[in-house]
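Novice: If you scroll down you'll find the structure; I have some questions about it.
Number of protein chains: 4
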Amino acid sequence: MNYLKILEEITLELKSYTTVGQVTNTIPELAKINPDKFGIHLTTIEGDDFGIGDSQERFSIQSVSKALTVALAFSFLGEKIWKRVGVEPSGTAFNSLIQLEYEKGIPRNPFINAGAIVIADMLVSCLENPKEDFLRFIRLISGNPNIDFNLSVAQSEKDTRFRNAALGNFLKSFGNIENDVDEVLDFYFHQCSIEMNCVELANAFFFFANEGKTRDGKSILTTSQVKRLNAIMQTCGFYDESGEFTYKVGLPGKSGIGGGIVALYPKNFVVATWSPKLNKKGNSELGMHALELLTTKTEMSIF
Amino acid sequence: MNYLKILEEITLELKSYTTVGQVTNTIPELAKINPDKFGIHLTTIEGDDFGIGDSQERFSIQSVSKALTVALAFSFLGEKIWKRVGVEPSGTAFNSLIQLEYEKGIPRNPFINAGAIVIADMLVSCLENPKEDFLRFIRLISGNPNIDFNLSVAQSEKDTRFRNAALGNFLKSFGNIENDVDEVLDFYFHQCSIEMNCVELANAFFFFANEGKTRDGKSILTTSQVKRLNAIMQTCGFYDESGEFTYKVGLPGKSGIGGGIVALYPKNFVVATWSPKLNKKGNSELGMHALELLTTKTEMSIF
Amino acid sequence: MNYLKILEEITLELKSYTTVGQVTNTIPELAKINPDKFGIHLTTIEGDDFGIGDSQERFSIQSVSKALTVALAFSFLGEKIWKRVGVEPSGTAFNSLIQLEYEKGIPRNPFINAGAIVIADMLVSCLENPKEDFLRFIRLISGNPNIDFNLSVAQSEKDTRFRNAALGNFLKSFGNIENDVDEVLDFYFHQCSIEMNCVELANAFFFFANEGKTRDGKSILTTSQVKRLNAIMQTCGFYDESGEFTYKVGLPGKSGIGGGIVALYPKNFVVATWSPKLNKKGNSELGMHALELLTTKTEMSIF
Amino acid sequence: MNYLKILEEITLELKSYTTVGQVTNTIPELAKINPDKFGIHLTTIEGDDFGIGDSQERFSIQSVSKALTVALAFSFLGEKIWKRVGVEPSGTAFNSLIQLEYEKGIPRNPFINAGAIVIADMLVSCLENPKEDFLRFIRLISGNPNIDFNLSVAQSEKDTRFRNAALGNFLKSFGNIENDVDEVLDFYFHQCSIEMNCVELANAFFFFANEGKTRDGKSILTTSQVKRLNAIMQTCGFYDESGEFTYKVGLPGKSGIGGGIVALYPKNFVVATWSPKLNKKGNSELGMHALELLTTKTEMSIF
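Here it is, written out as structure tokens:
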């Protein structure tokens, strides 16, 4: 398949696509971004790379990081992580407290904020130097030692933390946070502030498509574990729009309000897109459309 | 009316009443209380006093304080307090976040925790030394300069603050808290920790029954304002059991998880009860029953 | 007190009150009404009558009838009616199914539609000829043998019954309807279609203010029972605006989407108003305002 | 792959699996079934058949039929069906009215009851003889002219219809049912009453795995359309347990309270299981476990 030609076609078609979305305004530091950026990078399981546009410019990965923290927690703790967080779609917005109240503090899945905060708490408990160790993990799986937190973004998230602080304290009131809430949130804000470009993200998610092994062969998770996380990404990776993404794109993936999306076709490829304008559900408008075009043109969806 | 005889009858009847309730376990410091305490004190508008049982032993007034903070905020700010908190019954438990999420951070009424935290925020904004000034107000209306916070109870509430911290941060995320969340909660935990006995409580609430004037004639609120706060106590004063209390007792009132209840018959009397065992809705089991007996025996309900 | 002068003042003040409400459009037959009608009638416990405006023109009493069906059911069945319907404010709109789902088919109170349908089911079970017998009861308490159903309104409600049919079937699925759903709804639509004017309504509700006895001395309920129903009207009589009505007016009452409101001051008076324009919560806009003016001017609220 | 051997292994392992589930009691006629039945049948895309146990005994397909009605509606109406029903997981139980109330009568997806009733309404509108035509469609795709409704099951569902009648009327109140509610429910109860065995079900669902073409080559839907329905089965096919099924089994599928489950691996195989004992979420306990064993043993999940 001539992926480069397809990526070029997609980029061309997107130029005539009228966007209505907005750059996130929930975190002041992120609101400064140039809204017209667009990049896409695809890495095949054989190791071929195809990129176009702003695919080498870094951006804030935000919730895309949730797939990586859950992978790290899963590698440490195995199936027992599901005692504290579920694997079901939430049916409500990503930062809702309602489901949490009805379900006694067990978040529906690790990709809504509440679930990610519980996963962060697990990592704070089992990592010696949580932030440093997680950064080392990201550098390892992406094969890039330069990846780092953006401290001003982390600080900006802290300054506007109230909704997440509500979630953290609410979880703590149900006994589902072990550590100090502020310490857990500090870790969470740092994980979200990590900056990567599309190439680095495609590399970092390579092991999800490659039966648990990174591009340079390091084993992160078992085949079975990776299948399971891919399954959760499929049903829960796009907040309240997971069904729509599954319907239109048909690949497991994870999005972030920085405008990034990573999706993957097991045993075939990983693809990362970046475009900061978000639709009403908080997912990158052009990114979702680009991936829909990709699976339509290649006829490569898992369904 | 021979109130003393009626209070004696009530006390006698309560002895054969089988309780199933429990002392609160939400605040460790309060869990230590002797569950068998019972006191009741009634003060008529003419200034006659009738008390029995443990009516002169102090206890933690807890949410009973919410009626006093809203009165103080009302005296400072007038009707505009209702822009930030409603006057409708909540239909859900006292510390629910659900209604708050659907209603964009405007608590249903000032007697659920979220509403009381917003009122606390108002007082933190308009009092120079919030804790000291509020204490002075309590001493003024009750005519007793010895009333004080119980600092170990306040600390105990702080140590188990997570649900309230979730509420405070959630309100802040909707822009309905002006001050620092921790500072507001500190005030809130102190107001709840105030210790009073039944006599003192009946005195403190005297102005609600006396067209806004304290027992010694100081004017706190206008007649119209007091009627309005009595109305809110009637519909919202007993959490999710306000309708039941209105149905059975038929007087405006306010309860607290320390086991205290104050109720009043405008232009007639104020009555305070104390018994630490709470029913499932968080209201004093014997206190509710005592007041039901009182209005049945005296045929003095507002309906 | 010169009630006539006060009613005249109120009527005058209402002329300069800018209404924003709308006549109900939920039932086509009711949408035809002249929106500018306004009438008010007050009957004192001593038997003096004061009326003004369109107080002698009949209108559809709609949900005002719910206070009368619950009174009749209470007279037959006593306290056991509360096993199938609660006495708590609902916290959600009058026709909501949500609370019903969480609370397993027990409506919060007899004044939301679900609760009134359960009460209707009780009457269908205990009356020999339900519709005729209920009409006879209305004629008895109002002292007027000409009061009747409006059959075209009843038919119009049947034609647009889907929300109520949903409620009826939902209640039946929880086992809280004994009879055929369609038969119960037929009774319910007829009870709502009854037409009365303000004078007749004030007469019909006289027993609520008169310790259970009608204007001509017939005993309908005991003093204690009437107090209890007044209490429920206070906390639940105005749907999701009951707190607001209690706050502003301070009297127990019941409204209907036909634009009628009845309120009463126990042992003092009954007052009925009619104005078809409804506010967003479904209560008569001018009627609520007229009653607020009444209790402000007379200083006669129960609080 | 030696599928027969694998099915034998699975059957053997299931014998030592302790079930805790119950046969459905929601429909009296279905409660009569022998709870110990178990059958499984797998058909490969190449046309090889492997069956074991009670795989040739018919049972009530119930909600499995929802995948077939949506396929038929999709073939008639195309993408516009999604204006009246969504493609998102529901996050609440299969027959919940709550989400429907918040989302103004648009069911979350076609596999919850509300969504299936809307799809049934579409078919009642576009089929000349709805029940007969739908039966003809089932016979066509399964290649079996003997498949039929079980009229006593359909009648049993009608007799206990109240929850579904609530849903139908509720949808109608939002304008999302075009036809008479009873007529739509009659169709719906008949579609659910269809009886098939595992072999027939595997044949009927063959086109979902075969790019839209039945086993004997008839084109039902386009490749793209089939992918999209598979996607919805993946995210929504198992009610409130869809995430769990995706996590453990990793194949799109659809279950029914008759104990049947169909799952499929696009371009590879279709598998149908039957065991009447249901877990708490309403899915066949042994069926779910059998399919988990199948994808574990074959390592054939789409992830």
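If you read the sequences in order, they're chains A, B, C and D.
The opening residue of the first sequence carries number 18 in the numbering used here; numbering runs sequentially from there.
The opening residue of the second sequence carries number 18 in the numbering used here; numbering runs sequentially from there.
The opening residue of the third sequence carries number 18 in the numbering used here; numbering runs sequentially from there.
The opening residue of the fourth sequence carries number 18 in the numbering used here; numbering runs sequentially from there.
The C-beta atom is built at its ideal place from N, Cα and C for all residues, glycine as well.
Just so it is clear, the structure is predicted and the values come from calculations on it, not from any experiment.
On the DSSP bridge list, what partners appear for D:SER77?
Specialist: Answer by DSSP bridge pairing, in chain order: D:GLU212.
Novice: Going by beta-carbon coordinates alone, are C:ASN196 and C:SER142 separated by less than 8 Å?
Specialist: For C:ASN196 and C:SER142, yes; Cβs fall inside 8 Å.
Novice: Beta-carbon separation of B:LEU238 and B:ALA280 under 8 Å?
Specialist: In this structure, B:ALA280 does not lie closer than 8 Å to B:LEU238 by Cβ.
Novice: Along the region 276-287 of chain D, where does the CB come closer than 9 Å to a CB of chain A? Name the residues.
Specialist: Correct list: PRO283.
Novice: Three-state secondary structure (DSSP) at A:ILE249?
Specialist: Here A:ILE249 sits in helix by DSSP.
Novice: Quick check on this structure: which residue in C:GLU174, C:PHE191, C:HIS306 and C:THR240 has the alpha carbon closest to the alpha carbon of B:THR313?
Specialist: Nearest C-alpha to B:THR313: C:THR240.
Novice: Going by DSSP, name the residue or residues bridged to A:GLN39.
Specialist: A:LEU295.
Novice: Within a Cβ cutoff of 8 Å, which residues of the same chain sit near A:LEU157, ignoring the five residues on either side of it in sequence?
Specialist: Excluding residues within five positions, the ones whose Cβ falls inside 8 Å are THR231 and LYS235.
Novice: Is any beta-carbon of chain B found at less than 8 Å from that of C:VAL104?
Specialist: C:VAL104 counts as touching chain B.
Novice: Could you give the C-beta distance for D:GLY299 and D:ILE274, rounded to a whole number, given that I count them as a contact under 8 Å?
Specialist: That pair is a contact at about 6 Å.
Novice: Leaving out five residues before and five after D:ASN289 in sequence, what residues of the same chain have Cβ atoms less than 6 Å from its Cβ?
Specialist: First, the residue type needs correcting, since residue 289 of chain D is Ala and not Asn in the sequence shown. For D:ALA289, where only same-chain residues beyond five positions count, the Cβ hits under 6 Å are HIS58, CYS215, LEU218, ALA219 and VAL279.
Novice: Any Cβ of chain A within less than 8 Å of the Cβ of B:ASN7?
Specialist: Because chain B in this structure spans residues 18 to 320, residue 7 of chain B falls outside the shown range and cannot be described.
Novice: Please decide whether C:ASN227 counts as near chain B, where near means a Cβ-Cβ distance under 8 Å.
Specialist: Not closer than 8 Å to any Cβ of chain B, the Cβ of C:ASN227 fails to qualify, so no.
Novice: If we cut at 8 Å on Cβ distances, does A:ASN19 have a partner in chain D?
Specialist: With 8 Å as the cut-off, A:ASN19 does not count as an interface residue toward chain D.
Novice: Given that D:ARG180 touches chain C, what residues does it touch there, using C-beta distances under 8 Å?
Specialist: By Cβ distance, chain C contributes ASN186, PHE187 and SER190.
Novice: C:THR60 lies in the beta strand (DSSP E); which residues open and close that run?
Specialist: 56-61 is the span of the beta strand (DSSP E), which, as asked, contains C:THR60.
Novice: Given that A:SER107 touches chain D, what residues does it touch there, using C-beta distances under 9 Å?
Specialist: Those are PRO106 and GLY108, listed as they occur along chain D.
Novice: Cβ closer than 9 Å: which chain B residues qualify as neighbours of C:ILE249?
Specialist: Going along chain B in sequence order, the residues near C:ILE249 (Cβ under 9 Å) are GLY260, THR263 and TYR264.
Novice: Can you list, in chain order, the residues of its chain with a C-beta nearer than 6 Å to that of D:TYR20? Leave out the 5 residues immediately preceding and following it.
Specialist: Contacts found: LEU59 and PHE67.
Novice: Are the region 98-105 of chain A and the region 125-132 of chain A touching, with three or more C-beta to C-beta distances below 8 Å?
Specialist: The answer is yes - the region 125-132 of chain A touches the region 98-105 of chain A, with three or more Cβ pairs under 8 Å.
Novice: Could you list which residues in chain D have their beta carbon closer than 8 Å to that of C:ILE69, in chain order?
Specialist: Per Cβ cutoff of 8 Å: no residues; C:ILE69 is ~38 Å from chain D at best.
Novice: Out of B:ILE44, B:ALA88 and B:PHE154, which one is the CA nearest neighbour of B:GLN79?
Specialist: Of the candidates B:ILE44, B:ALA88 and B:PHE154, the one whose C-alpha sits nearest the C-alpha of B:GLN79 is B:ILE44.
Novice: Is DSSP giving A:ILE69 helix, strand or coil here?
Specialist: DSSP places A:ILE69 in strand when its eight states are reduced to three.
Novice: How about C:ASN220: is its C-beta nearer than 8 Å to some C-beta of chain B?
Specialist: No, because no Cβ of chain B sits closer than 8 Å to the Cβ of C:ASN220.
Novice: Got a sec? Which residues, its chain only, sit under 6 Å from A:TYR205 by beta carbon, not counting five neighbours each side?
Specialist: Hits under 6 Å: ILE134 and ALA137.
Novice: Rounding to the nearest angstrom, what Cα-Cα distance links A:PHE55 and C:SER107 in this structure?
Specialist: Near 50 Å, if we compare the C-alpha coordinates of C:SER107 and A:PHE55.
Novice: Assuming A:ARG75 contacts A:MET213 (C-beta within less than 8 Å), just tell me the rounded distance between them.
Specialist: With 8 Å as the limit, A:ARG75 and A:MET213 qualify as a contact, their Cβ atoms being about 6 Å apart.
Novice: Skipping 5 residues on each side, what residues in its chain have a beta carbon closer than 7 Å to that of D:ALA48?
Specialist: Hits under 7 Å: VAL40, THR41 and ASN42.
Novice: Could you tell me whether the Cβ of B:GLU63 comes closer than 8 Å to any Cβ of chain A?
Specialist: No, its Cβ sits nowhere closer than 8 Å to a Cβ of chain A.
Novice: What three-state label does DSSP hand A:PHE286 in the structure shown?
Specialist: In this structure, A:PHE286 counts as strand in the three-state DSSP scheme.
Novice: Using beta carbons (cut-off 8 Å, strictly below), is A:PHE320 in contact with chain D?
Specialist: By this cut-off, A:PHE320 is an interface position.
Novice: Just how far apart, CA to CA, sit B:ASP165 and B:THR61?
Specialist: The alpha-carbon atoms of B:ASP165 and B:THR61 are separated by roughly 25 Å.
Novice: On a Cα-Cα basis, can you pick out the residue from C:LYS271, C:ASN126, C:ASN285 and C:PRO283 that is closest to C:GLY304?
Specialist: Comparing Cα positions, the closest option is C:LYS271.
Novice: Could one say the Cβ of C:LEU114 lies closer than 8 Å to chain D's Cβ atoms, at least one of them?
Specialist: Taking Cβ atoms only, chain D reaches closer than 8 Å to C:LEU114, which makes this a yes.
Novice: Report the neighbours of B:ASP257 on chain C: residues whose CB is nearer than 7 Å to its CB, in chain order.
Specialist: Within chain C, the residues near B:ASP257 are GLU105.
Novice: By DSSP, does D:SER236 sit in helix, in strand, or in coil?
Specialist: Three-state DSSP puts D:SER236 in a strand.
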